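Under our numbering, the first residue of the sequence shown carries the number 38, and numbering increases by one thereafter. Just so you know, even glycine gets a beta-carbon here, dropped at the ideal spot from N, CA and C. Quick caveat: nothing in here was measured; it's all calculated off a predicted structure. These notes are about the structure you will find just below.
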Amino acid sequence: MPVTTTEGLHVAIIMDGNGRWAVARGLPRIAGHKRGADVVHDIVAGAPAAGVSALTIFAFSTENWRRPKKEVDYILHLFVKTVEVWMPELVAQHVRVRIIGDRMGLSARVQGAISAIESRTAQECGLHLNVALNYGGRAEILFAAQSFAADCVAGRTQSAALDEQAFQRYLWLGDEKAPDIVVRTGAEQRISNFLLWELAYAELFFVDTLWPDFTVATLSGIVDEYRTRRRRFGGL
Ligand code: IPE
Ligand code: IPE
Ligand code: MG
């Protein structure tokens, strides 16, 4: 029987610094993205042993379309290729993969890869891996508000029925518990439109390590420090 890891931590990661990692080595920026994808592979494999049961990773933002087309195309191509190559291994590891973001704004090829990995892993009961792709926190909240309004108009619900829990179910992350930890690598200290609703009470970790240099040991160190923090949620 696979180990069910639903009791662990939810860690959200803003995987930043791929470009700088590559440029520092005289490589094209896309080499940093390639290496970054390999790191995702290692972190997914090591997360359950580090006490993590859900991992939500920022792969491509709604703002990243502002980059040169060549880089955007490469990142999306890398997503499709990575899904293809890792699918059997993810299934063997019992990882349940979901993609959060505005999928309608992605090509048919990327949407096909999303459907394939989600349906292939939907019944898995190990690590929850949520990949934020064409994701923006404001877009997510807007989409939820529109979906709720549509349900009201159709008579499926009414405004008085909306509380925080009900609203959360309209978000792309749905019923996943809120992240306990958010890590941003790459020495920047900002949220960059990631999980604006869900991070309300997350513990923040900003690390200088560039994403391609991130390891399971770095993750374990963060989890250890998290365990020393006291979360008050507004109480005493
Ligand atoms: C993060 O690395 C990956 C994406 C945003 C897709 P960057 O590409 O932002 O790397 P830096 O910040 O330029 O070093
Ligand atoms: C955030 O990184 C988005 C992802 C990691 C996918 P960026 O590199 O795009 O963020 P900014 O532009 O420095 O805020
Ligand atoms: Mg960056």
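Nearest-angstrom beta carbon gap, residue j and residue i [assumed within contact, 8 Å]
i: residue 139; j: residue 99; result: 7 Å
Closer than 7 Å: residue i CB and nearest ligand 2 heavy atom
i: residue 270; result: no
i: residue 96; result: yes
8 Å Cβ cutoff met for residue i and residue j
i: residue 116; j: residue 51; result: no
i: residue 136; j: residue 89; result: no
i: residue 177; j: residue 133; result: no
i: residue 240; j: residue 263; result: yes
i: residue 143; j: residue 181; result: no
i: residue 70; j: residue 112; result: yes
i: residue 249; j: residue 83; result: no
i: residue 256; j: residue 67; result: no
i: residue 224; j: residue 200; result: no
i: residue 87; j: residue 253; result: yes
i: residue 128; j: residue 158; result: yes
i: residue 174; j: residue 231; result: yes
i: residue 247; j: residue 57; result: yes
Residue closest to residue i, alpha-carbon to alpha-carbon, out of the options
i: residue 47; options: 208, 247, 269, 238; result: 238
i: residue 269; options: 223, 217, 125; result: 217
i: residue 155; options: 186, 188, 121, 215; result: 121
i: residue 149; options: 185, 183, 114; result: 114
i: residue 260; options: 211, 56, 85, 206; result: 85
Any non-hydrogen atom of ligand 1 closer than 7 Å to residue i Cβ
i: residue 192; result: no
Any non-hydrogen atom of ligand 3 closer than 7 Å to residue i Cβ
i: residue 258; result: no
(message) Please give me, in chain order, every unbroken run of the beta strand (DSSP E) with length at least 3 that falls completely inside the segment 68-130.
(response) As far as the segment 68-130 is concerned, its whole beta strand (DSSP E) runs of at least 3 residues are 89-98.
(message) List, from N- to C-terminal side, the alpha helix (DSSP H) runs of 4 residues or more that fit wholly inside the segment 130-212.
(response) Listed in chain order, they are 145-158, 174-190, 201-205.
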